[in-house]
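Below you'll find the structure, written out as structure tokens, and then a few comments.
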Amino acid sequence: MRKFAVAGLVAAVSTASLVTATPASAAPTSVYVSTTGSNAASGTKSRPVRTIGEALKRVRNNTNLTTVRIFGGTYRPGASFSLGKAYKQKSITFTRVGGSTAPVIKGTNGARHLDYFLKVAADGPRIHMKRLIIQYYRAGGVLLKNDRNTFTGTQFSFIGNAYAGTGDGYAGIHMNAGSSYNIVDNVSFLYLKNVANECPGCMHGVYIADQSHHNTVKNSTFQGITGDPVRLRRSSSDNLIDHNQFRRSGTNAMVSYWVHAKDGSFHCGARNTVTNNTYSTMSDETKPGIIVTSGADEGMTSCPAAIPTVTGNTRA
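Numbering (mature numbering (1 follows the signal peptide of the UniProt record, and there is no 0)) for the sequence shown: -26 to -1, 1 to 290.
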């Protein structure tokens, strides 16, 4: 009898263990945003929050949340968003909700003009941005100081002081402080402009600066940009600019490596590659199109060896 009792006890324990080990429903990984939502809502697809700021607050406080899914509509954030070490996720994805139109995120609201949509610190999460429209920011769309971010199917348009207040505009995507291994693929940069008396040549589609290496810009469209669509600076090396279309853009060239008087001890970049792009006239349409140049402020020495590979580019 005792053997049967022990066997029965073991069977009971085993059954209990199986019941206990059954996993609960997986925790949500997305927070949804809609112009018709409520910031008091749960953030699910059927009960979205109303603002991107509230969505990021939920993400910051819940490490399970890694994706911000945005329904179509126009959003006007009240502030730029800074993403740093307070965000514990390795990466955060910003994307539209499948089946909806691309959401439009605008940096102007009445007299208020924001500088960037996102500013990502060196210790911040990687950003993956898909199928959004970013408009009417003064300085730029996204400022990156970390590595391995990706941008696909997104549009940056109407950015710069021509549209959003005074002060220099810089870039749709601004890679800075060693931001490396980023991928920009199938992105549109349309009408990024600074006005004539406020540094029109300072505005770029992609600005790769301050020792930012191994970045790729491909399959993208640059149109109506007052400065050089892609600008390299301050020892940035091993970047690839491939299979893009450049139209009516550029003060000096479609792709440039530039030495500024304020660059101090930064040495020249190296091994940057510009291949298989098509290009037309400059932003001043009386100028002929130029695909690549190496330039410098007055009194400085340029770095022509910074872009040694220039092949397969075609004048449209």
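From the three backbone atoms N, C-alpha and C, an ideal C-beta is built for every residue, glycine too.
Classified as exposed, K59 has fewer than 16 neighbouring CB atoms from the shown chains inside 10 Å of its CB.
In the DSSP assignment, K192 falls within the beta strand (DSSP E) that extends over 190 to 192. In this structure the region 13 to 26 touches the region 42 to 54; the number of beta carbon pairs closer than 8 angstroms is three or more. Of the residues assessed, D202 falls on the buried side of the cut-off, its CB having 16 or more other CB atoms within 10 angstroms. Close CB contacts of V229 within its chain, under the 6 angstroms cut and outside five residues either way in sequence, are with V204, I215, V248, V266 (chain order). I147 has its alpha-carbon roughly 6 angstroms from the corresponding atom of G115. Buried is the label assigned to P22, since at least 16 other Cβ atoms lie within 10 Å of its Cβ.
The closest CA to that of R222, considering only L164, N13, L57, H102, is found on L164.
Per DSSP, the unbroken beta strand (DSSP E) holding I157 starts and ends at 157 to 159. Relative to the Cα of Y181, the nearest Cα in the group E172, I157, A170 belongs to I157. In this structure, DSSP gives D237 a helical state, which the three-state scheme calls helix. Pairing N83 with R112 gives a Cβ-Cβ distance that is not under 8 angstroms. When the Cα atoms are used, R208 and S153 turn out to be separated by approximately 12 angstroms.
Assignment of beta-bridge partners to K80 by DSSP yields Q109. Here the region 94 to 104 makes contact with the region 68 to 81; the two share three or more CB pairs at distances below 8 angstroms. CA-CA distance, A76 to Y253, rounds to 27 angstroms.
Of Q129, G263, H187, the smallest CA-CA separation from G243 is found for H187. Approximately 6 angstroms separates the beta-carbon atoms of G81 and A138; this is inside 8 angstroms, confirming the contact. Look at K104 here: in three-state DSSP terms it is strand.
Taken in chain order, the complete beta strand (DSSP E) segments of 3 residues or longer contained in the region 122 to 189 are 124 to 126, 129 to 133, 145 to 149, 157 to 159, 162 to 166, 178 to 182.
Assignment of beta-bridge partners to I215 by DSSP yields V191, V248. The beta carbon of G198 is closer than 8 angstroms to those of L164, Y165, L166, K167, R221, R222, S223, S257 in its chain, skipping five residues each way along the sequence.
Where R207 is concerned, there is no enclosing alpha helix (DSSP H), although the beta strand (DSSP E) around it starts and stops at 204 to 207. Between S54 and L88, the C-beta gap is smaller than 8 angstroms, which places the two residues in contact.
Excluding sequence positions up to five before and after K192, its CB lies within less than 6 angstroms of the CB of D159, D216, H217, all in the same chain and listed in chain order.
Between N246 and D212, the CB-CB gap stays under 8 angstroms.
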